[in-house]
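This note's numbering puts the last residue of the sequence shown at 262; the count rises by one with no breaks.
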Amino acid sequence: MDTIGLDDFSFFSFLKEEDLLRLKEISIKKQYNKGEILFYKGDNPRYLHLLTKGIVKLYTYDYKDNEVVIHNLLAPSLIAEIANYEEVCFPANCAFETNAEVLLIDYEKFKEEFLLKPEISMFFIKSLTKKIKFLENFISYNISSNSVEKIAKFLYDNEEILINLKQVKISQILNIRAETFSRKLATLKKEGIIQNEKGYIKILDHKKLKELISN
Numbered sequence: 048m049d050t051i052g053l054d055d056f057s058f059f060s061f062l063k064e065e066d067l068l069r070l071k072e073i074s075i076k077k078q079y080n081k082g083e084i085l086f087y088k089g090d091n092p093r094y095l096h097l098l099t100k101g102i103v104k105l106y107t108y109d110y111k112d113n114e115v116v117i118h119n120l121l122a123p124s125l126i127a128e129i130a131n132y133e134e135v136c137f138p139a140n141c142a143f144e145t146n147a148e149v150l151l152i153d154y155e156k157f158k159e160e161f162l163l164k165p166e167i168s169m170f171f172i173k174s175l176t177k178k179i180k181f182l183e184n185f186i187s188y189n190i191s192s193n194s195v196e197k198i199a200k201f202l203y204d205n206e207e208i209l210i211n212l213k214q215v216k217i218s219q220i221l222n223i224r225a226e227t228f229s230r231k232l233a234t235l236k237k238e239g240i241i242q243n244e245k246g247y248i249k250i251l252d253h254k255k256l257k258e259l260i261s262n
């Protein structure tokens with residue numbers, strides 16, 4: 048267990064210092080390695096998980112036992128807080144895509160002492176709304192979009208984490224065959240929209256990339 052400082056709660060910077068001090072008292076800070084599991088689908092959400100460093104993925108499996116990534120979260124971010132809020136089991140597995148750091152906040156105490164505060168309630172609503180919108184886009188693009196559009200949107204929306212994701216991982220996230228993904232990337236590279244070196248992708252022309260995404 049690592050020492051917690053008030054700077055670890057910058058995600059809640061809108062709170063008063065006495066509230067931040069109380070959050071510190073009901074929290075545990077833990078370090079995780081890439082590939083470790085934070086929780087499994089069906090686990091009970093004892094803690095509110097605040098990702099302060101690194102990247103996690105929320106994922107499940109389809110009927111063929113293929114991994115389906117639902118969401119990649121970049122710090123700072125709450126993880127699957129809907130399970131806490133609804134008091135249900137986690138709906139997906141959560142694993143680390145990089146080495147990471149998480150604050151484990153005792154949810155029962157958080158609910159009793161913080162959740163009814165107007166600023167926390169609104170903050171929770173905004174966080175949940177953001178994730179709902181992401182899921183709507185995820186479903187829409189996986190059902191109706193062609194592969195180039197899916198790739199373009201993922202790259203455009205997730206530029207910050209591209210440095211941590213190899214292209215083979217992105218093809219898995221988008222559920223696109225590796226061969227198809229490589230061909231589409233080659234086209235984007237030929238058009239000067241991206242470059243890819245050692246398996247990592249960098250956006251060169253944001254305007255052209257965005258033009259590939261339907262409004």
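Where is the CB? At the ideal position from N, CA and C, for every residue including glycine. Being a predicted model, the structure only gives us computed values, none of them experimental.
query                                                                                                                                                                          : result
Hey, which unbroken runs of the alpha helix (DSSP H) at 4 residues or more fall wholly within the stretch 113 to 181?                                                          : 128 to 133, 154 to 160
Tell me whether the beta-carbon of Ala139 lies closer than 7 Å to the beta-carbon of Leu105.                                                                                   : yes
Which of the three DSSP states, helix, strand or coil, is assigned to Tyr87?                                                                                                   : coil
Would Tyr154 be called buried (16 or more neighbouring beta carbons within 10 Å of its own) or exposed?                                                                        : buried
Which residues bound the beta strand (DSSP E) around Lys104?                                                                                                                   : 102 to 108
Going residue by residue through the stretch 185 to 252, where are the continuous beta strand (DSSP E) segments of at least 3 residues, counting only ones entirely within it? : 241 to 244, 247 to 250
Could you compute how far the alpha carbon of Leu175 sits from the alpha carbon of Val115?                                                                                     : 21 Å
Can we say the stretch 81 to 88 touches the stretch 136 to 151, given the rule of at least three CB pairs closer than 8 Å?                                                     : yes
Could you give the distance in angstroms between the alpha-carbon of Lys255 and the alpha-carbon of Ile240?                                                                    : 6 Å
Where does Leu68 land, buried or exposed, given buried means 16+ other C-beta within 10 angstroms?                                                                             : exposed
Please state whether DSSP places Ser57 in a helix, a strand or coil.                                                                                                           : helix
Measuring alpha carbon to alpha carbon, tell me which residue in Phe56, His118, Phe157 is nearest Ile208.                                                                      : His118
Quick one: what's Leu98 bridged to in DSSP?                                                                                                                                    : Ser124, Val149
What does DSSP give as the partner residues of Lys77 in its beta bridges?                                                                                                      : Val149
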